[in-house]
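There are 2 protein chains.
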Amino acid sequence: METYLAVDIGGTRLRAASYPADGIQPIEQSRIPTRVVGSSPVQRIIDQVKKVWPKDSSVRAIGVAAPGPIDTDKGIIYSAPNIPGWENLPLRDLLEDVFHVPVRLGNDANMAALGEWKYGAGIGHNDVLYFTISTGIGGGVISAGRLLVGAWGLAAEVGHVTIDPNGPLCGCGIRGHLEAFSSGTAIARYVASELADGVPSILPASPAPTTLEIAAAAHNGDPLAKAAFDRAGYYLGLGVANYLHIFNPSILIFGGGVSRAGGLLFDPMRAALKSQVLSPAYVDRLAVAQAALGDDGGLLGALALARSG
Amino acid sequence: METYLAVDIGGTRLRAASYPADGIQPIEQSRIPTRVVGSSPVQRIIDQVKKVWPKDSSVRAIGVAAPGPIDTDKGIIYSAPNIPGWENLPLRDLLEDVFHVPVRLGNDANMAALGEWKYGAGIGHNDVLYFTISTGIGGGVISAGRLLVGAWGLAAEVGHVTIDPNGPLCGCGIRGHLEAFSSGTAIARYVASELADGVPSILPASPAPTTLEIAAAAHNGDPLAKAAFDRAGYYLGLGVANYLHIFNPSILIFGGGVSRAGGLLFDPMRAALKSQVLSPAYVDRLAVAQAALGDDGGLLGALALARSG
């Protein structure tokens, strides 16, 4: 039997699973913390792969979803924000030397996009725009049936685009990125700043409310909490309109914790979108969906990558 | 001998040419005005194609660069800004019915991108970002060796992206698009507005200076004229940084009249770009070039499209 292995390297969790040639039901799976004192993350990946390795050694390829920017051609992780020491790490070659099967690497947000396209909300589409909105904003693009990676694997940084040069600083240090307006961090920061300015709210100024608490307050009618989501949704609409003009996708897929806020975020997004598209043709047939794979998106994208050879 | 025909439908000029299987030296070519009283543009296209049709009837395909958004799958021109009556025009079928060879349609800015990639400044690259900066800003994207068209042919409207929602109105009616900051029209409008406000300049308030006159004044050291190009270049840098993060191209190609302003526009663009990229990896190996094909870009892109079947 042909087997394909998938690995998802999260900042905190490390997952591996084995799959048959078709379908998304794992044969074996395992998850452990990514970082433990006294054990290197690379060694832990190798151990995890061994744990799910089939007895018949029928593995055709290994797909790996890894954090941070990746040179997909060379199989090198440029850097991984949450894993100290991972700088220009040749993970593909390291794993191929151990396992002697083809290893394919992809950025985790790109892999989630690939997973949703192949096995989730994007099935049947050829032009897919996937956003994950959580503490940051990431995503991936399927264009004409292929994952967009760019010349050196650095494409599809969909949260790091300026939509207002006078806006707040982004986590990356550049001002006015989409992520600085519409991520969970941005929503929480906006509310904290308004509370500090004395804007009335049922939310306490201290400890600073989380995005989840702000969503709950908004559902309870708190005007500041609602304004925070209105603002995030408005800017998300500006950003999405730009992407419609750039990619003309047939479906938008939203994943990540903040996207579970639903209408709080997406009603103002849709309103902005409506006024910001060049022509109704961009939205008339456009599907909008929630991610279907949840936390498995990255792993299943790595599976799709493994099977893509 | 195999022959390929290319047609470039401009708002004012209509060009057609025939080519052999390789190279960009035309066998025959012809150009006439697009619109003449008493003659339909479609009939004029048919006449032009007949004019360059080879005697041996060896035509393999016809490529057409047409203005406005196009459904490339169905070969329909949604609308053409400068040609009244062209709404949902099935130009591909109309031409195939007359000539009985495959006809392929592309948007003119996309075709210029394709032409530059195949035969001009982009040769050898797989990820190309092409901008034409003239009265407006258009362009095209080659991603992983394929022209980006999107689900319904509406992609790559690279000038119509919001980079400052508080910015000036764009020609399309939406506020703060890249085109509203960095096109020739935007530069001229900014100068006119500053002159009306009494900002000192060697430029006269009336008649309103053209972009060419503003460029000449900037070369002569006029502070307002220089400020106008600095502003256009700064916003162009913001826009280009976004596109680097989105597409990670290996080359930027600039065409169009305003791009001939050279350093006036591109020095401030480069300065902005430097401070706006997520990582030096986006620009370290990035090539930046002037378009090589000039006015022939659209026609040669149509040729590339004809040969692509």
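If you're matching them up, the sequences are chains A and B in order. Those letters in the first sequence? Residues 42 to 350, by our numbering. Those letters in the second sequence? Residues 42 to 350, by our numbering. By construction, the Cβ of each residue, glycine as well, lies at the ideal position given by its N, Cα and C atoms.
Can you tell me whether residue i is buried or exposed, with buried defined as 16 or more other CB within 10 angstroms of its CB?
i	result
A/Asp368	The structure shown has nothing for residue 368 of chain A, since chain A only spans 42 to 350.
B/His218	buried
A/His141	exposed
A/Asp325	exposed
B/Gln84	exposed
A/Gly208	buried
B/Leu340	buried
B/Ala21	No answer is possible for residue 21 of chain B: the residues shown for chain B start at 42 and end at 350.
A/Gln89	buried
A/Gln317	buried
B/Arg56	buried
A/Thr44	buried
A/Asn129	exposed
A/Ile409	Missing from the structure shown is residue 409 of chain A; chain A here goes from 42 to 350 and no further.
B/Val281	buried
A/Asp205	buried
A/Met42	exposed
A/Leu293	buried
B/Ser234	exposed
A/Asn261	exposed
B/Leu210	exposed
B/Val202	buried
A/Pro248	exposed
A/Lys159	buried
A/Gly278	buried
A/Leu237	Per the sequence presented here, residue 237 of chain A reads as Ala, with Leu not at that position. A/Ala237 is exposed by the Cβ-count criterion.
A/Pro67	buried
B/Asp97	exposed
A/Gly79	exposed
B/Ser223	buried
B/Ser300	buried
B/Gly239	exposed
B/Gly350	exposed
A/Gly51	buried
B/Thr53	exposed
A/Asp138	exposed
B/Ser59	buried
Note down, in chain order, every chain A residue with its Cβ under 9 Å from the Cβ of residue i.
i	result
B/Asn289	Leu189, Val190, Gly191, Ala192, Trp193, Gly194, Leu195, Ala196, Ala197 and Glu198
Which residue marks the beginning of the alpha helix (DSSP H) containing residue i, and which one marks its end?
i	result
B/Gln66	Neither: B/Gln66 is in no alpha helix (DSSP H) and is coded neither H nor E.
A/Gly280	Pro264 to Phe288
B/Asp88	Pro82 to Val93
B/Val46	Strictly speaking, residue 46 of chain B in this sequence is Leu, with Val absent from that position. Unbroken run through B/Leu46 is the beta strand (DSSP E), Thr44 to Ile50; no alpha helix (DSSP H).
A/Ala259	Thr252 to His260
A/Ala328	Unbroken run through A/Ala328 is the beta strand (DSSP E), Ala328 to Gln331; no alpha helix (DSSP H).
B/Gly225	Gly225 to Ala237
I want to verify the contact list: residues of chain A whose CB lies under 7 Å from the CB of residue i, in sequence order.
i	result
B/Ser184	Ser184 and Leu189
B/Tyr119	Ala322
B/Leu279	Thr203 and Pro206
Could you please give the first and the last residue of the uninterrupted beta strand (DSSP E) stretch that includes residue i?
i	result
A/Gly104	Val100 to Ala107
A/Asn129	Glu128 to Leu130
A/Ser120	Ile117 to Ser120
A/Ser349	Where A/Ser349 is concerned, there is no enclosing beta strand (DSSP E), given that its DSSP letter is neither H nor E.
B/Ile215	Counting along the chain, B/Ile215 falls outside any beta strand (DSSP E), and DSSP gives it neither H nor E.
A/Leu55	Arg54 to Tyr60
B/Ala249	No beta strand (DSSP E) contains B/Ala249, which DSSP labels as neither H nor E.
So which residues on chain B does residue i lean against when the C-beta distance must stay under 7 Å?
i	result
A/Val202	Asn283, His286 and Ile287
List the residues of chain B that residue i touches, going by C-beta distances under 9 Å, in chain order.
i	result
A/Asn167	Ala192
Who are the neighbours of residue i on chain A, taking C-beta pairs under 8 Å?
i	result
B/Gln317	Thr203 and Ile215
Checklist entry - Quick one: any contact between the segment 326 to 334 of chain B and the segment 119 to 135 of chain A, if contact means 3 or more CB pairs under 8 Å? => result no
Item to check | Complete runs of the beta strand (DSSP E) confined to the segment 293 to 320 of chain A [at least 3 residues] | outcome: none
Checklist entry - Taking contact to mean at least 3 C-beta pairs separated by less than 8 Å, is the segment 269 to 288 of chain B in contact with the segment 171 to 181 of chain A? => result Counting Cβ pairs under 8 Å, fewer than three are found: no touch.
Item to check | Touch test, the segment 183 to 198 of chain B against the segment 144 to 158 of chain B, Cβ-Cβ under 8 Å, three pairs minimum | outcome: yes
Checklist entry - Can you give, in chain order, each stretch of the beta strand (DSSP E) that sits fully within the segment 114 to 202 of chain B and has at least 3 residues? => result 117 to 120, 128 to 130, 144 to 148, 169 to 174 and 178 to 184
Item to check | Cβ contact check for the segment 183 to 192 of chain A and the segment 298 to 317 of chain A: 3 or more pairs under 8 Å | outcome: no
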